[in-house]
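Line by line, the protein sequences are chains P and A. Using the working numbering, the first residue of the first sequence is number -17, and each one after it goes up by one. Using the working numbering, the first residue of the second sequence is number 69, and each one after it goes up by one. For glycine and all other residues, C-beta sits at the position ideal for the given N, C-alpha and C. Below is one structure, written out as structure tokens; comments come after it.
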Amino acid sequence: MNSSTFPRGAIRIRNGNLSFGADATGTDVLQNISLDVLPGEFVAILGPSGCGKSTLLGAIAGFARLTRGEIFVDLKLVQKPDADRGIVFQDHNLFPWKTVISNVEFGMKMRGVIKAERRAIAKEILARIGLSEFWRHYPCELSGGMQQRVNLARVLVNQPEVLLMDEPFGALDAQTRLQMQEMLLGLWGEYRMTVVFVTHDVDEAIFLSDRVLIMSKRPGRITAEIPVSLGRPRTLELSTSPDFQRVKRECLEYVRPDSNRSAAAQNMERTSVGILGKEILESLDLSHS
Amino acid sequence: MSAQPIAVNKAREADARIKRRPRGSGGLFRLVHRGVALAVFIGLWQLACQAKLHLLINFGNVPGPIAVAGAFIGFVQSPDAARHIGSSLIRIFSGFAVGAILAVPIGIWVARSRAVEDTLLTPLEILRPIPAVAWIPLSILMFTTAEQSMIYICFIGAFYPILLSTIHGVKGIDRRLLNAAQSLGAGRWEIFWEVILPGAFPSIVTGLSIGMGTCWFSLITAEMMAGQFGIGYLTWESYTLQNYPQIVVGMVLIGLLGMLSSLLIKKLGSMLMPWTRRGGSTV
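Shown next, in the form of structure tokens:
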């Protein structure tokens, strides 16, 4: 799809820090984040709720400025949001006052594409995601899964170099979520953009990505990096394979308590990473702590 | 382009949850219900007047619905009717229009800029608790004609509800929608037109509708004190002339015109907001 011959969408973060409030008293949300994402790579960021992973994504998108350190996308310093970096949130993404097709056309409208042309392109991508018949509906008339598909279409129609996803399937039921994951992989195969996918679901992170980055709870730091050397295309059967389980075990090892066991145990009660990591927690002897 | 990974099942799509408001035969029944209730209310009123009921309220002095209906027909046929209604409508719409034209932009501005909020909101909040009626003496001094001062009173009545609803609406816009728009390439101006205005619109319409109500409220008091012609003037004049049924004619006219003008705003608003009509969440 992308006519450029250079692979684009490389992300580089060096010593990124972000704190809210005044420097002296401010609480660190992100601490010493260094990160390289290759063009066209699919990276998942896994971490408990409130660890700052959404803030990190927002910083890459350009909504929040790092307090220290810099973010580059294709060697350009990120200073403000741009259509090169599309973002998908968990919910409340679509403009409720615009029909499905007008939502999809939004980016093209901003670029000054004439109406007839953008309508044709939008219809094409709606057909691609299987929502042709719903083009005149308003978002509130669609199910959550359909809304997220429209949202993906709206971002992809801009052909972004980087797709940032903030727990995009977190509000969907299990079945719809699996469908959406497969669909996302299909679209990624076509568009070949770089994807940074934030989630707290270990299975989702592994199923989708080339690499899982694990973030600690606040202040958010990247504590581990686990390559996912599973073949593609990936299908649902993969998630029960021994290879998948091996990667999952490795992820869960890092999700478990790092320095202070009781603090980590507390954290686990609150987060779904914790729920998934419960077996690991139970295998540790916590009775003496 | 491989179409293989679309795990979209058409059959599943068909029974996708399309939320629509259930609309059954209840509509007609409720309409009849409301009509009967109104008839019963008017009937009780007539009975109370005929019996000259004196229970706290002295119904002996209250004109009954039949007398009021007679006076209403007489009023409508009189040459002054158009003049009275016309003067009130002109005042209402002038005051309301000025109120809306000022309150909506100021509200958006206050909500979007901290500097503007800090500059304007404090004086506005101090002036806000002053009821429109309390402005009447000063407004007579402030303006050269009674007409202008009455329009000013209407403006005061309309301004605050519209202002506050606009501020509320703009501040209530979901951060994610603004962020999404930025990431889709929208600039400041586009965000204003495409996100802030439509996002705050339902709240603005609610403000306009409430503002229309307070505008009538303010007008009537102004006309009673300073007017010549107008429905408020008519109502008060009827009292001084001891034409009691006509007092109620004035009151009914105020009620009807107030209701109709608020309804008009709601209708116009919902015409401009198809997304709130179809989805089931109504304003």
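Does chain A have any CB closer than 8 Å to the CB of residue i?
i, result
"PHE2 (chain P)", "no"
"PRO63 (chain P)", "yes"
"TRP117 (chain P)", "no"
"CYS122 (chain P)", "yes"
"ALA156 (chain P)", "no"
"ALA102 (chain P)", "no"
"PHE71 (chain P)", "yes"
"ARG243 (chain P)", "Confidence at ARG243 (chain P) is low in this model, with a pLDDT of 38, below 50, so the placement of that residue should be treated as unreliable; the coordinate-derived value is given next. For ARG243 (chain P), the answer is no, since every Cβ of chain A falls outside 8 Å of its Cβ."
Determine, using beta carbons only, whether residue i comes closer than 8 Å to chain P.
i, result
"ASN129 (chain A)", "no"
"ARG89 (chain A)", "Residue confidence is low: ARG89 (chain A) scores 48 on pLDDT, short of 50, so the model does not pin down where it sits. Its coordinate-derived value is still stated next. No - not a single Cβ of chain P is within 8 Å of the one on ARG89 (chain A)."
"ALA168 (chain A)", "no"
"LEU245 (chain A)", "yes"
"LEU336 (chain A)", "no"
"ALA248 (chain A)", "yes"
"PRO199 (chain A)", "no"
"GLU291 (chain A)", "no"
"VAL273 (chain A)", "no"
"GLU215 (chain A)", "no"
"ALA136 (chain A)", "Looking at the sequence provided, one finds Val at residue 136 (chain A) rather than Ala. Chain P contact via Cβ: absent."
"ILE74 (chain A)", "Interpretation of ILE74 (chain A) is limited by its pLDDT of 39, a score under 50 that renders its predicted location unreliable; no figure is taken from the coordinates."
"VAL263 (chain A)", "yes"
"LEU332 (chain A)", "no"
Based on the DSSP output, what are the partners of residue i in its beta bridges?
i, result
"SER1 (chain P)", "P:ASP10"
"HIS363 (chain A)", "Chain A is shown from 69 up to 351; residue 363 (chain A) falls before or after that span and cannot be answered."
"PHE24 (chain P)", "P:VAL177"
"LEU195 (chain A)", "Beta-bridge pairing links LEU195 (chain A) to no other residue."
"LEU59 (chain P)", "P:PHE54"
"PRO272 (chain P)", "With chain P running from -17 to 271 in the structure shown, residue 272 (chain P) is simply not present."
"GLU18 (chain P)", "Per the sequence presented here, residue 18 (chain P) reads as Asp, with Glu not at that position. DSSP lists P:ARG(-6) as partners of ASP18 (chain P)."
"GLY267 (chain A)", "Looking at the DSSP assignment, GLY267 (chain A) forms no beta bridge with any residue, so it has no partner."
"ARG67 (chain P)", "P:VAL144"
Just the chain A side, please: which residues come within less than 8 Å of residue i by C-beta, in chain order?
i, result
"PHE179 (chain P)", "Within chain A, no residue comes near PHE179 (chain P); the closest Cβ sits about 16 Å away, beyond 8 Å."
"ASN140 (chain P)", "LEU252, GLY253"
Residues of chain P with a CB under 7 Å from the CB of residue i: which are they?
i, result
"ASP242 (chain A)", "HIS74"
"ALA254 (chain A)", "MET92"
"PRO173 (chain A)", "The contacting residues do not exist; PRO173 (chain A) stays about 20 Å from chain P at best."
"GLU258 (chain A)", "MET92"
Check the Cβ of residue i against every Cβ in chain A and list those closer than 7 Å, keeping chain order.
i, result
"PRO78 (chain P)", "TRP343"
"GLY89 (chain P)", "LEU252, GLY253"
"GLY213 (chain P)", "Correct list: empty, because the minimum Cβ distance to chain A is about 14 Å."
Would you mind giving the Cβ-Cβ distance between residue i and residue j, rounded to the nearest angstrom? I have them listed as a contact below 8 Å.
i, j, result
"ILE204 (chain P)", "CYS233 (chain P)", "Wrong, their Cβ atoms sit about 13 Å apart, outside the cutoff."
"GLY237 (chain A)", "ALA268 (chain A)", "3 Å"
"ALA226 (chain A)", "PHE164 (chain A)", "5 Å"
"VAL25 (chain P)", "ASP192 (chain P)", "7 Å"
"ILE272 (chain A)", "ILE241 (chain A)", "Incorrect: roughly 12 Å between the Cβ atoms, too far for contact."
"TYR307 (chain A)", "ILE315 (chain A)", "6 Å"
"MET218 (chain A)", "ARG151 (chain A)", "The Cβ separation is near 15 Å, so there is no contact."
"ILE221 (chain A)", "SER277 (chain A)", "That belief does not hold up - the Cβ atoms of ILE221 (chain A) and SER277 (chain A) are roughly 19 Å apart, past 8 Å."
What residues of chain A sit near residue i, judged by a beta carbon separation below 9 Å?
i, result
"ALA135 (chain P)", "By Cβ distance, chain A contributes nothing, its closest Cβ being about 12 Å from ALA135 (chain P), past 9 Å."
"ARG67 (chain P)", "SER251"
"ALA43 (chain P)", "ASN247, GLN250, SER251"
Under 9 Å between beta-carbons, which chain P residues line up against residue i? List them in chain order, please.
i, result
"PRO191 (chain A)", "Simply none; closest approach about 31 Å."
"PRO266 (chain A)", "PHE77, PRO78, TRP79, LYS80"
Which runs of the beta strand (DSSP E) fall wholly inside the region 143 to 207 of chain P and span at least 3 residues, in chain order? Qualifying beta strand (DSSP E) stretches, in chain order: 144 to 148, 176 to 181, 193 to 197.
Please give the ranges of any alpha helix (DSSP H) in the region 269 to 330 of chain A, keeping only runs that are unbroken, at least 4 residues long and fully inside the region. Entirely contained in the region 269 to 330 of chain A, the alpha helix (DSSP H) runs reaching 4 residues are, in chain order, 299 to 308.
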